[in-house]
Structures are given as structure tokens and as C-alpha cells.
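Enquirer: Going down the list, the protein sequences come from chains A and B.
Basically this note's numbering = 1-based index in the first sequence + 340.
Basically this note's numbering = 1-based index in the second sequence + 1.
The structure's right below; bear with me while I get my questions together.
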Amino acid sequence: MSERVPILQIGDVLLVSIQTDLDDQAVVHLQDDLAARVVATEARGVVIDITAVEIVDSFVGRMLATIASISRMLDAETVVVGMRPAVAITLVELGLSLGGVRTALSLEKGLQALERSRGARTDPTA
Amino acid sequence: MVKLWDGVIAVPLVGTLDSARTMVVMEKMLQALIDTGSEQAIIDITGVPAVDTQVAQHLLKTVVAARLMGAECSISGIRPQIAQTIVALGIDFGDIVTKATLADALRHALKRSGVELGGRDGRRA
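Here you go:
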């Protein structure tokens, strides 16, 4: 049985910090767990930190997009942060542009982006 | 890699681009985005004599990779002949921002990063 990726809650944002290279089983578990947690905590945002991820394949790349779509269905916006150059190049070579997934350079910038878009959503004058 | 402003880097390309060289540029630029924490990048191709389908493909890949990392990348310095070539080759740059001059691209990048420009610059921005 593969390790489960921990999902942490900070306010109304869920933080998924992926610390190891993911195998397929772990990604499927993450998808299940995250969907359940978003509903249980009524989270408004999800930040997936992939700073430590060095290797991705097409399955993991597609799952990132799927997870983002699932979260959006549950009204939580997803930001993928900390993607390494090598990972970005790999995904591009695989033909995955992750359309619809928001990205940010660092965790800090990802949280700022979430805050901005939430401000824009709740404040019609913004 | 040239730092133009806080959070804006430029990559002036000079000379013919081939696959190997473009890969190096791509990796260096993406690493520079992380090292400097920049959210805007400009690839300036003023010094590139010709653009073929392969070079265009590499440029597109670089821009998409930068987007994946959470940065925005625009392409500047497209000369009239190159614009004609790209259109004639049927290459679609999609929603990628392209500007004629580096100045235009910098103005765009500053606007996107929320810098207020005053005076005559502001009028064109």
C-alpha cells in the first residue's frame, strides 16, 4: 500500500504538499481524499505544492488537471505551485498544457492569487 | 537573462536558433524565473534572422512551460518579414502575447504586474 499524501487545512484553504514522487495509486488516493476533504471542510481554495516533485508522467500530469476540475466542481479554486522547470518541460513535451489549472511560482504567490480571485468574487466593485 | 524590472526578466535571443540552443534557453529562462521570483518573462527575438516552423514550435513550448510554472511569457521583437513568414507558415500563436518591440512588451508586462505608468507612457499603455 502506498503512502497517502497529507492534506492540511489553513483557514478555508486546503494545502496539499507532495513530498515524494507520486505513483499512480497515490494519485488516485489523493483524488479521493481531496474531494472528500473539500466537501467536509467547505474549503474555498486548494493549493497543490509540487516543489519536491522531480518526475512526472502523463498519468500524474492528467491527474493534476482532473483534481483541479473536481475541486472547481465543488467551488474550490485550485492553484498548482512550485513546478520545477524540468517538470514543466516534461509536461509540455507530453502535450499537456494543463488548461484551466492555475499555477504560481511559489506557495506564497499561490495563496496571494487565491486571495485576489476570492476578493474579486465576493466584492463586486473590485 | 536580463532583469528589466522587479519581477520582469527578458531573454534577448541573437543568432540562429536550433533545437539544442532553444532547449538551453528554455531551461535557463525557467530557472531564472524561479531564482528571481519573476512572474513576467519576455523573449526578444529581434536578433533572430529567421523563424521556421521548428523555431516557432520551440518558442511556443517555452511560453507554455513558463505558464505551467505560474509565470507569463510574451514574445517581442518580431520583424515584419518574420510576422509574414509565421502567418504564411500557418503557425498559430493562439493567445500568446506577441509585441513588435521590446518596449511594448515591457509596457505590457509592467501593466500585468500592476505597475502604474505615468505621462506619455501611460497614454499608450
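Where a beta carbon is used, it is the ideal one built from N, C-alpha and C, also for glycine.
1. Counting along the chain, where does the alpha helix (DSSP H) carrying A:G401 start and finish?
2. Checking 8 Å against the spacing of the C-beta atoms, do A:Q421 and B:G71 come in under that value?
3. Closest Cβ-Cβ distance between A:A428 and chain B: below 8 Å?
4. Note down, in chain order, each residue of its chain lying with its Cβ closer than 6 Å to the Cβ of A:A494, except the 5 sequence neighbours on either side.
5. Out of curiosity, what's the CA-to-CA distance linking A:L434 and B:P13?
6. Where does the unbroken alpha helix (DSSP H) through B:A11 begin, and where does it stop?
7. Going along the region 21 to 52 of chain B in order, which residues come within less than 7 Å of chain A, judged by CB to CB distance?
8. Across which residues does DSSP place A:S357 in a beta bridge pair?
9. Where does the unbroken beta strand (DSSP E) through A:E417 begin, and where does it stop?
10. Looking at the secondary structure, which residues open and close the beta strand (DSSP E) in which B:D45 lies?
11. Is it the case that the CB of A:A392 approaches a heavy atom of the ligand SAM more closely than 7 Å?
12. Quick check: the Cα distance between B:T63 and A:E448, rounded to an integer number of angstroms?
13. Quick check: the region 110 to 119 of chain B against the region 36 to 44 of chain B, are there 3 or more CB pairs under 8 Å?
14. Taking 8 Å as the CB-CB limit, is A:A460 close to chain B?
15. Apart from the five residues just before and just after A:D364, which ones in its own chain have a Cβ nearer than 6 Å to its Cβ?
16. Output the distance between the C-alpha atoms of A:A376 and A:A392, rounded to the nearest integer angstrom.
17. For B:A106, count neighbouring C-beta atoms within 10 Å of its own C-beta (all shown protein chains included) and say buried if the count is 16 or more, exposed if not.
18. Quick check on the burial criterion: 16 or more other C-beta atoms within 10 angstroms. Buried or exposed for B:S75?
Expert: Inspection of the coordinates gives the following:
1. Numbered from its first residue, the first sequence carries residue 401 of chain A at position 61. Where A:G401 is concerned, the enclosing alpha helix (DSSP H) stretches over 398 to 413.
2. As a working note, residue 421 of chain A is residue 81 in the first sequence. As a working note, residue 71 of chain B is residue 70 in the second sequence. Per the sequence presented here, residue 421 of chain A reads as Val, with Gln not at that position. In contact: A:V421 and B:G71 (Cβ atoms closer than 8 Å).
3. Here the question's residue 428 of chain A lines up with position 88 in the first sequence. True, the Cβ-Cβ gap to chain B drops below 8 Å.
4. Past the boundaries of the shown model lies residue 494 of chain A; chain A is included only from 341 to 466, so the question cannot be answered.
5. Translated into the one-based positions of the first sequence, residue 434 of chain A becomes position 94. Translated into the one-based positions of the second sequence, residue 13 of chain B becomes position 12. Answer to the nearest angstrom: the Cα atoms are 27 Å apart.
6. Within the second sequence, numbered from 1, the residue matching residue 11 of chain B stands at position 10. Per DSSP, B:A11 belongs to no alpha helix (DSSP H); it is in the beta strand (DSSP E), 9 to 15.
7. M27, E28, L31, Q32, L34, I35, G38, E40
8. Looking up residue 357 of chain A in the first sequence gives position 17. A:S357 pairs with A:D389.
9. The residue given as residue 417 of chain A occupies position 77 in the first sequence. Note, A:E417: beta strand (DSSP E), 417 to 421.
10. Sequence index remark: in the second sequence, residue 45 of chain B carries index 44 (1-based). Here the beta strand (DSSP E) through B:D45 covers 41 to 48.
11. Summarising the ligand content, the structure contains no ligands, and the ligand SAM is consequently not present.
12. In the second sequence, counting from the first residue as 1, residue 63 of chain B sits at position 62. In the first sequence, counting from the first residue as 1, residue 448 of chain A sits at position 108. If you take the alpha carbons of B:T63 and A:E448, they lie about 24 Å apart.
13. yes
14. Position 120 of the first sequence, counted from the start, is the residue given in the question as residue 460 of chain A. No, A:A460 lies away from the interface with chain B (no Cβ there is under 8 Å from its Cβ).
15. On the first sequence, residue 364 of chain A is found 24 positions in, with the first residue counted as 1. Excluding residues within five positions, the ones whose Cβ falls inside 6 Å are F399.
16. Position 36 of the first sequence, counted from the start, is the residue given in the question as residue 376 of chain A. Position 52 of the first sequence, counted from the start, is the residue given in the question as residue 392 of chain A. Their backbone Cα atoms lie some 24 Å apart in a straight line.
17. Position 105 of the second sequence, counted from the first residue, corresponds to residue 106 of chain B. Buried is the call here.
18. In the second sequence, residue 75 of chain B corresponds to position 74, counting from 1. So B:S75 ends up on the buried side.
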